[in-house]
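Trainee: Dropping the structure in here first, questions after.
Residue numbers (the numbering used here), protein chains in the order written: chain E, 1 to 306; chain H, 1 to 387.
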């Protein structure tokens, strides 16, 4: 299964959430690969703690170079072996593989052509041979990367492969409007997808939304709020819910909601069990939200057509 | 302790000017699972492998269904990796073919014979096209240097036959006729091989890989730090000494360095494909067993996880099935160490044990169910008697 992660605006926590979801999914036993398609600023290496590819790789074997046809093979970095995530550079017991295909340092956006789309679909097919989950982190907004993967997934050779989309947005008015625009608006995912041979209805059924940095009004974090703040927050939250529903981002198409967690604001990295239970710098709810989201990626009941 | 080296024959004088004769075979096999929900029939396989217009797909049905495509030619002009760092350039063509075994396993192998270029200058392409499968080498290097470089120190710029194989795999995987539904997840493995010939008898059968050339004897090369198994056969007067160095470089890369007596290069390629197939079977089944939580979950759950292995892979184990008599010694050496069949039977044993356990679990739960059912029935009878 291929999962695309996208967002309209930067700073939504798309990459850090996707990396955490990939990590959780691998911990749950699946073989997972993570593709850094954020060509302008590849940061997945830093989030996973893989030093060799902190800001993309410099070997000339990243995704950007592969898609441009300058290298035949993409570097595949074993995250367990090259970071401290699973303990001392080893895969935790019972965990699946967690592999990073990095971007290139100094890469950038580029126009898409048919050869590139073919290379991209070849890569997806190839990775699907060995990984249960291929998680592709796209750059923010209407990017060449988005157009590229829409072309690649329209390839008849990928007809039997399941591809799903996660659109990340923060729980604010501007972010909700922007996320709706990215999916339903002009030159959005649906429109571009149709231009590339996708059927609108089918494509729409493969798109779900993930809310990030959400302050739930009943969260214990908010116990310190003054009564006025609390009342205002409650009513504003209701307004946002109405707006989201009106713009077709309602609860029925929401796959996950990641609570606001200070540790994610300051340290864009993987939250491991130790962060929650030993050092307690991260909230338990955050870990649980990642865990649930990781499970729902392949839970068909969460992806039924509406 | 290392076996006595069979390289007692004195080397040619050290002088490399003019360069000594060169004749070696290099190649890389990539192996993966054909992407189809079930075993593919012979007719479909033939259509899948029909990738060269006018070419002929060859097939055999015994002992296991096997078919291979006609050769695809690939032009090559690039530096060759050497372990010494000596500069060497290659120009010519490599040939690649795809094969399907048991309607299930897909392989692509690319090979080339390296020979000495007549001069430093590159000739018109017509010259190279006329000699398919031959790469002419310019540079002051020898076969051992090239072999070690090819096996272990390839860079992005140097000759990469594996990339050709990989592209060929992808090409077959996207052809019509297969549904691309994955029955089990398996990694692609790579087997890189480099072969030189020991006796002064040249390799025969020139039409497949090129003109007949004289070859010389080469000393052994040091192997890498990876897990490696080598074996030199005892030098004997009548038999050509054979040496086999099989090295597991990492999770997916294996290298094979062969020093052989007189034999046909196309037989060597077939033997390498056969070895790659069995190595892939071992790697795939082993990693599936490792991840099936044996001893943690119930045997029935464990069996459910590796069921695709039973359905699709177990019956494919037939080591040496496509290896000629002359090369039987290569398989024999690998069977002694690392002991492919020994490892395989241990894996199969684990699978059978889990199956037996699952059977026991289900029969005990069945008898438990039967007991419960019996009690219920008895109760019901009592009820009816009571009524």
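No residue lacks a Cβ here, since even glycine has one placed at the ideal position from N, Cα and C.
(1) Helix, strand or coil for residue 318(H) per DSSP?
(2) Are the segment 167 to 180 of chain E and the segment 193 to 212 of chain E in contact at 8 Å, needing three or more beta carbon pairs?
(3) Can you check which of these residues, 69(H), 264(H) and 190(H), is closest to residue 250(H) by C-alpha distance?
(4) Quick one: list the residues of chain H neighbouring residue 333(E), beta-carbon separation under 8 Å, in chain order.
(5) Taking the alpha-carbon of residue 156(H) as reference, which of 277(E), 70(E) and 27(E) has the nearest alpha-carbon?
(6) Could you name the residues of chain H that residue 31(E) contacts, counting a contact when the two beta carbons are closer than 7 Å?
(7) Kindly list the residues whose CB is nearer than 7 Å to the CB of residue 130(E), restricted to its own chain and excluding five residues on each side of it in sequence; keep chain order.
(8) Within 10 angstroms of its Cβ, does residue 242(E) collect 16 or more other Cβ (buried), or is it exposed?
(9) Hey, how far is the Cα of residue 32(H) from the Cα of residue 290(H)?
(10) Tell me residue 79(H)'s beta-bridge partners as DSSP assigns them.
(11) In chain order, which continuous runs of the alpha helix (DSSP H) of length 4 or greater are located wholly inside the segment 299 to 355 of chain H?
(12) Please classify residue 253(E) as buried or exposed, where buried requires at least 16 neighbouring CB atoms within 10 angstroms.
(13) Going by other Cβ atoms of all chains shown within 10 Å of its Cβ, with 16 needed for buried, is residue 236(E) buried or exposed?
(14) Along chain E, which residues have their Cβ under 8 Å away from the Cβ of residue 163(H)?
(15) For residue 139(E), which of 166(E), 128(E) and 121(E) has the nearest alpha-carbon?
(16) Check whether the Cβ of residue 223(E) lies closer than 8 Å to any Cβ atom in chain H.
(17) Quick one: what does DSSP say residue 260(H) is sitting in, helix, strand or coil?
(18) Following the continuous alpha helix (DSSP H) through residue 194(E), name the residue where it begins and the one where it ends.
(19) I need the straight-line Cα distance from residue 98(H) to residue 174(H), nearest angstrom please.
(20) Comparing alpha-carbon positions, which option in 340(H), 37(H), 342(H) and 346(H) lies nearest residue 183(H)?
(21) If we ignore side chains and look at the alpha-carbon of each, how far apart do residue 354(H) and residue 73(E) end up?
(22) Just the C-alpha distance for residue 186(E) and residue 112(E), rounded to the nearest angstrom, thanks.
(23) At 9 Å on the CB atoms, spell out the chain H contacts of residue 125(E), in chain order.
(24) Do you know offhand how far residue 214(E)'s Cα is from residue 51(E)'s?
(25) I believe residue 48(E) touches residue 270(E) by the beta-carbon criterion, under 8 Å. Please report the beta-carbon distance rounded to the nearest angstrom.
(26) Any beta-carbon of chain H closer than 8 Å to the one on residue 130(E)?
(27) Measure the C-alpha to C-alpha separation of residue 128(E) and residue 97(E) and round it to an integer number of angstroms.
(28) Kindly indicate which three-state DSSP category residue 25(H) falls into: helix, strand or coil?
(29) Taking buried to mean at least 16 other C-beta atoms within 10 Å of its own C-beta, is residue 262(E) buried or exposed?
(30) By how many angstroms is the C-alpha of residue 258(E) removed from the C-alpha of residue 218(E)?
(31) Among all the DSSP beta bridges, which residues are the ones paired with residue 248(H)?
(32) In whole angstroms, what separates the C-alpha of residue 107(E) from that of residue 42(E)?
(33) Going by DSSP, which residues form a beta bridge with residue 33(E)?
(34) Helix, strand or coil: which one does DSSP assign to residue 197(H)?
(35) Three or more beta-carbon pairs under 8 Å between the segment 123 to 138 of chain H and the segment 73 to 92 of chain H, yes or no?
(36) Could you compute how far the alpha carbon of residue 86(H) sits from the alpha carbon of residue 154(H)?
Mentor: In terms of the structure at hand:
(1) coil
(2) yes
(3) 190(H)
(4) The requested residue 333(E) is not part of the displayed model; chain E covers only 1 to 306.
(5) 70(E)
(6) 185
(7) 31
(8) exposed
(9) 19 Å
(10) 89(H)
(11) 299 to 312 and 328 to 336
(12) buried
(13) exposed
(14) 72 and 73
(15) 166(E)
(16) no
(17) strand
(18) 189 to 195
(19) 13 Å
(20) 37(H)
(21) 38 Å
(22) 19 Å
(23) 35, 170, 173, 174 and 180
(24) 30 Å
(25) 6 Å
(26) yes
(27) 13 Å
(28) strand
(29) exposed
(30) 14 Å
(31) 227(H) and 254(H)
(32) 8 Å
(33) 99(E) and 134(E)
(34) strand
(35) yes
(36) 13 Å
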